[in-house]
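Chains as they are written, first to last, in the working numbering: chain V, 1 to 417; chain Y, 1001 to 1172; chain A, 2001 to 2181.
Idealized CB from N, CA, C, for every residue including glycine.
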Amino acid sequence: MTPINPDQLIVQLTQWALSFLDSYPLVAVLVAILLSTVPLVAVFPICFAITTWLERKGLARIQNRIGPNRTGFLGMLQPIADGIKMLLKEDIVPKTSDRLAHFLAPVVLMVPAFTILSVLPFNRNMIPAAVDTGVILFFALGSVSTLAVFMAGWSSRNKYSLLGGMRAIAQMVSYELPLVLSGVTVIMMTGSLDTTKIVAQQQLSEWIQSSNAGLQCLGQIIGWNVFTPWGFAGFLIFFVASLAEINRCPFDLPEADSEIVAGHLTEYSGFKYALFFMSEYVSAFAINGLSTTLFLGGWSGPNIRPPWSDDPNALLIPGFVWFFAKMFALMLVMIWIRGTLPRLRVDHLMGFAWKFLLPLAIMNIFVGGFYYYAPRWHGIPVVGWPIGFLVMYLSYECIGRLNRGPKTAQRVYHYAS
Amino acid sequence: MIIAFSILSVIAVISALLAVRLRNLVHATLTLMAFFVALAGLFILLMAEFLAAVQILVYVGAVGILILFAIMLTQQVTGNVKEHIEAHGALWGLAGATAVLLTLLLPAILKTALPLQPVVETIDPSVRALGLNLMSPYAIALQVIALLLTAALLGAVVIAISPEKSEEEKKS
Amino acid sequence: MLGIGILKGMAITAKNFFGSFVNKRLLPTLQYPEAGNSVTLFSRNIPFLVYDNDEDPLGTMRCVACKICEKECPPQCIYIVMEKDANGKPAKRPKVFDIDISVCMGCQICVEVCPFESIKMDSTFELSTPDRFEGLLLKREHLLKSNTYFHKIHPDEAQEVDDRLAAKQKKPAPTPSTPAA
Ligand code: SF4
Ligand code: SF4
């Protein structure tokens, strides 16, 4: 028996379980499918519950409140209370609504939200669907959510819903461009659309396989794309665009509650509303998972080889711990941003995507290309790094300054002074 | 395989028919998108997952949404059901479809030996081959298409801007 | 640098977030049933009627049922019926004194206009009731509270009122003039 490798424990257990079914290939396939999908469908709703709790508590603390504290210890059972409340509510469908579309919209939103999770590598050998074109598949299925939001907005027969739906379409289509283009840089540098390869490229395998624990640790971190100029800029662009893509603050115009009630969610209640809510959070997880994969080294983190093992790839802490830690960290930043920034105006929103993020993302592709071909000294990008960083910084400043509107004169208040 | 294929093709045919026949424009577009998704499923069955992803990305994510957006900007979303258009376009369409079927598809179907061999090995690095093809033999075509699209984009911008200007000129 | 304002804002919210764990000023919430209430000397919500002698609330009630407050109350939530003695002569005491606190807006106008220092603002707040009609219509018996209680909730104001009344008692006023007239 090989020594236990905590990193691969779950994978080995699955393989061990499947080995009993070798003689029944059809059953084995079914069981394998179940084993890779059921955890997704089980783990992410739990993550969703934890996040709603974190969000309520975090926002409350930011606003000098306490937040939920009556349901269980520190209000931890609040998600359950919410769930019960949602499920017990009457499901109201407007009389003039388009019933079929109204019913289908949450489903259409939910299916891709969960499907895109399956191209994320949670750990080595732990990817539900190892496809060649993972990143493209992610973006493709992710774009379906626009359709769902539109269906919800249109089928409700409510002007607020329709306005929300329109805003959602305009926003999601616009922000998809910088999102994809900043991902393109990574794809270009890796030379692959395969998410597992993208993660593997961010690890320095010689360092990891050396015998020095410090080097092993560092080798798992130093190669992250976010530490390169194009990766850093790309990560920021990706993160901002993903905020808009999943309608989070400060880009939550489709459901801006002070303007259009709740946008496309206005006419939803009860279980369907809960589905909408959950799929929104699941797609937030998915997109954070993707930015973790593309820029933050996926499942690699400060990790060492277990002392009892001599397998060069064995790890002490399972990789998915790091993956989920990074995903949750990004989620927390999103909550933090939600507690800080006010909502954008519609024209600012569009201008920000088309006039600021998009040129910056295109610039980033060029910088990535330059970085790739710039001369290196012992493998260290001594030329590419500083120049790439400088170019990115300058273009950030220039594009930002070009975007500044004409300086308006100091406003004079005639009556209030 | 066969089961999945038949389900997907039935969905595709029905949704395509509905897309043509439905009087409500939004419904028609939604069924059209269902057709695109079914088509993507068929691509996946052929192991062309990249094509499937692009199909969804481009047709559902972009083209379909664009159509919906255009519909939202038109006056009448739901076509008047009572109004009947007197036209023989359907006949011509049917004739054209039959012609295509007879001249292109039927010979192809007849030529193939029916128990199809899976062709998995040949499509293995589909993305890489596609990229290489686009970048070396078809590079010029790609550039021309890009130029054309850019021109179209500029044209759209010009069209979008000009009426506003003329209004301003009227005012001043 | 561009975007520095966003970072500053983020820093402020982060300060509030972490500060709320250590700094009492950044977490002013009182956990209501456990941590008591937040009634201060300046709290005012609904009016109550003052009486002087703790033993005899009805007898030493200050109100003379002059109905000025009833007339002045903007939302018309006071209802007064004067008591009559056996001969039908007005007894200068309210037989009925109701305030509908579901209507009262706590404007304190009744307090301002009362010439007899008889109606004052209370600071009680646990007024919720399952009966939204009868339960929120406070009768004379509910509204009567002693001067001692007034001293307890608003000591300064009560002392002022007492001094004023004492001064009034010293010089034998012919009839109590209405200051608000
Ligand atoms: S406080 Fe205002 S509203 Fe309330 S009883 Fe007095 S006068 Fe009326
Ligand atoms: S004004 Fe004062 S004395 Fe007159 S009825 Fe009202 S509370 Fe009583």
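Amino acids of chain V, ordered along the chain, whose beta-carbon sits closer than 8 Å to that of Leu-1153 of chain Y: Going along chain V, no residue has its Cβ under 8 Å from Leu-1153 of chain Y, so there is no contact; the nearest lies around 12 Å.
CB contact below 7 Å: Thr-340 of chain V versus chain D: In the structure shown, chain D does not exist; the protein chains are V, Y and A.
Leu-2138 of chain A - DSSP class collapsed to helix/strand/coil: strand
Nonlocal neighbours in the same chain, by C-beta distance under 8 Å from Ile-1044 of chain Y, ignoring five residues either side: Ala-1052
Beta-carbon proximity check, Trp-230 of chain V vs Tyr-371 of chain V, cutoff 7 Å: yes
Alpha carbon of Phe-2133 of chain A to alpha carbon of Val-2103 of chain A, nearest angstrom: 11 Å
Through-space distance from Leu-179 of chain V to Leu-402 of chain V, alpha-carbon basis: 22 Å
Classification of Tyr-413 of chain V by the beta-carbon crowding that lies within 10 angstroms, buried from 16 upward: exposed
Test: Phe-1050 of chain Y CB closer than 7 Å to a CB of chain V: yes
Opposing strand residues paired with Glu-2121 of chain A [DSSP bridges]: The amino acid occupying residue 2121 of chain A in the given sequence is Met; Glu does not appear at that position. DSSP output for Met-2121 of chain A lists A:Pro-2047 as bridge partner(s).
Pro-2075 of chain A beta carbon near ligand 1 (any heavy atom closer than 6 Å): yes
Beta-bridge partners of Met-2061 of chain A, as assigned by DSSP: A:Tyr-2051
Met-334 of chain V beta carbon near ligand 1 (any heavy atom closer than 6 Å): no
Residue-chain proximity (Ala-113 of chain V, chain Y), Cβ-Cβ < 7 Å: no
Ligand 2 heavy atom lying under 6 Å from the CB of Ile-2068 of chain A: yes
Straight-line Cα distance separating Lys-2120 of chain A from Ile-2109 of chain A: 10 Å
Minimum C-alpha distance to Gly-301 of chain V - residue among V:Asn-123, V:Val-108 and V:Ile-50: V:Asn-123
Proximity test, Cβ basis, 7 Å: Trp-154 of chain V and chain Y: yes
Three-state class that DSSP yields for Glu-2112 of chain A in the structure shown: helix
Chain Y within 7 Å of Phe-251 of chain V, Cβ atoms only: no
Residue environment, Ala-2180 of chain A, which counts as buried when at least 16 other CB atoms sit within 10 Å: Any answer about Ala-2180 of chain A is weak, because its pLDDT of 47 lies below 50 and its placement is not dependable; what the coordinates show is given next. The residue in question, Ala-2180 of chain A, is exposed, as its Cβ has fewer than 16 Cβ neighbours within 10 Å.
Limits of the unbroken alpha helix (DSSP H) element including Ala-256 of chain V: Neither: Ala-256 of chain V is in no alpha helix (DSSP H) and is coded neither H nor E.
For Leu-2144 of chain A, the first and last residue of its enclosing beta strand (DSSP E): 2144 to 2146
Proximity winner among V:Ile-62, V:Met-151 and V:Thr-293, relative to Thr-340 of chain V (alpha-carbon distances): V:Ile-62
Entirely enclosed beta strand (DSSP E) segments - the segment 28 to 108 of chain V, minimum 3 residues: none
Any non-hydrogen atom of ligand 2 within 6 Å of Ala-2065 of chain A CB: yes
Where Ser-2128 of chain A meets chain V, residues with beta-carbon distance less than 8 Å: Simply none; closest approach about 18 Å.
Cβ-heavy atom distance, Ile-66 of chain V to ligand 2, below 6 Å: no
DSSP-derived helix/strand/coil call for Arg-338 of chain V: helix
Distance between Phe-285 of chain V and Gly-165 of chain V (C-alpha atoms, nearest Å): 22 Å
Segment limits, beta strand (DSSP E) that includes Met-2082 of chain A: 2078 to 2084
For Ala-2181 of chain A, three-class secondary structure by DSSP: Unreliable placement is indicated for Ala-2181 of chain A, whose pLDDT of 41 sits below 50; no coordinate value is reported for it.
CB contact check: Leu-1057 of chain Y to chain V, cutoff 7 Å: yes
Cα-Cα separation between Lys-2170 of chain A and Asp-2163 of chain A, rounded to whole angstroms: 11 Å
CB contact check: Asn-2037 of chain A to chain V, cutoff 7 Å: no
Cβ of Phe-366 of chain V within 7 Å of any chain Y Cβ: no
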